[in-house]
Amino acid sequence: MRWRGSQSTTGDDPVDTHYMECYYQTYNTENVDSLASYYHPEVELTSEAGVMKGAEAVLATYRQIIGIFHDKMTPTSIHIDGQIAIVAIIDRFTAKVDVEDFLGMQVAAGESFELKLRGTYEADSDNLFRTIVIERLG
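Following my numbering, the numbering of the sequence shown begins with 16 at its first residue and continues without gaps.
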């Protein structure tokens, strides 16, 4: 048994709805070390901000985001197909400081906004995310 985020898992635990819910709970804690336990060292994350290669690049971006926002992701639906999870997400950002430009928006400290996203996650046999694609919807 090993700890992944704040949840115990075994190497045999599948990528399932519970696993993905645990991932988002961990994401929402703003604990970088716990979040790192979900990523393969060579993970590739693609979003409208570009392509990040490697867990360190993904975590550096996460550190930057949580430095200026409280970022809370809420999965609204989770579809699992083997080691692939497709997740509808509401991502609520609340600015910790005035933000001049984030995805083309100015956000004052204390202001919030939400994005509707779809995340596609592909895990390896150890359930570490190898590929993540985040798309903004609507």
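Cβ coordinates follow ideal geometry from the N, Cα and C atoms, glycine included.
Q. In angstroms, rounded to a whole number, what distance separates the CA positions of I147 and T135?
A. 6 Å
Q) Using 8 Å as the Cβ pair cut-off and three pairs as the minimum, do the stretch 123-141 and the stretch 101-108 touch? A) yes
Q.
Assuming A116 is part of the beta strand (DSSP E), what are its boundary residues?
A. Note on residue identity: the sequence assigns Asp, not Ala, to residue 116. Note, D116: beta strand (DSSP E), 114-117.
Q. So what does DSSP say about A124, is it helix, strand or coil?
A. coil
Q. Thinking C-beta only, is I81 closer than 8 Å to V114?
A. no
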